[in-house]
Structure formats: structure tokens, C-alpha cells
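Numbered according to this note's numbering, the sequence shown terminates at residue 509, and the numbering increases by one at each position without gaps. In what follows, a structure is listed as C-alpha cells, so that the remarks can point back to it.
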Amino acid sequence: MKAFFGTLGFSILSAVVPVFNVEVYLVALATQIPRSAALPVAIAAGAGQALGKVLWYHGTAKSMELPWMKRRMESEKWKRSFAKWQNRIEERPRLAAAFMFSSSLVGFPPLLVMGAIAGALRFRMSMYVATIFVGRTLQSWAILAGLTHLFH
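So this is what it looks like as C-alpha cells:
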């Protein structure tokens, strides 16, 4: 139970403050938990990462309303570019979900960057959270299941 809640907390911290690396934490944790704990702990890691990235989403979305950002966005070039990307996301929600899932599962494009883009372009929150949760849970389970199998 400590591993579950500890992982949940560390994963939230890791999602918000990138210097705290959840993958390194999971590698270390895999030496301490039994194989049977790999899935529940992976779920905690996925949930924590998804919750933490919601802060990045909202932070970026709110930053778009700041006066200095609004001034930057006044140029016609910026407006056209932003509208183009926003339309692409709205017209192809599955493509946006695929990028978010790829980002959360394998880290390409980087999830921190995708979180900021998602907030700026206002991705659907349900898609954003679900793809991060599933991708990070699978990634965490692969790390934990593989290493607990080696260590125990």
C-alpha cells in the first residue's frame, strides 16, 4: 500500500517538476516490490502522471490569456498559424489522441511539450487525461513487470 500511494505522489511531482524522473523511481522501486504489485503500482504511476499533467494543461491554457501573450498573438501570422493548428486538432481528434498516446507511452514527442501544446490548443480534457493515463500506465507496467521478474 505504501508503494501504491508513494508512487502516486511521486508521479504527480514528476509530472509537474521534470527533474524528478518517474522512470528512475520505478526502476528503484522494482527492486523492492513483489511481482504481484507491478500492475497496481503501474496504475498509480499512470494516474499520478495524468493528474500532474493536468496542471501543465491548465497553466498553458491560462497563460494564453495573459496580456503579454495576447499582444504576441495579435499578429496576423500568429493568428493564422494558431487557427490552422486548432482546426487540425478539431478536425482530427484521433490524430491528436494518437500523438498524445505516443508521447505518453514512448516519450516522443516529449510529454511536457505535448502537455503545453494541448493546453494552448485546448485539446479535449477527457482525451488528454485518458491517453496519458493509459500510455503512462503501460509504460510503467512494462518497467515494473520486466524488472520485478528479473529481481524476484
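Every residue gets a Cβ at the ideal spot worked out from N, C-alpha and C, and that includes glycine. Predicted model only: the values in this text are computed from it and were never measured.
- Nearest neighbour of G366 by Cα position, chosen from M471, A407, A394, A387, turns out to be A407.
- With contacts defined as CB atoms closer than 8 Å, A477 and M421 qualify as a contacting pair.
- DSSP, reduced to helix, strand and coil, places P375 outside both helices and strands of the structure shown, so it counts as coil.
- Put simply, of I369, F439, P397 the residue whose alpha carbon is nearest the alpha carbon of L495 is P397.
- Under the DSSP assignment, H415 falls in the alpha helix (DSSP H) whose first and last residues are 395 to 420.
- DSSP places G464 outside both helix and strand once states are collapsed to three, so it counts as coil.
- In the DSSP annotation of this structure, the continuous segment of the alpha helix (DSSP H) that includes L495 starts and ends at 482 to 508.
- For M358, the three-state secondary structure derived from DSSP is coil.
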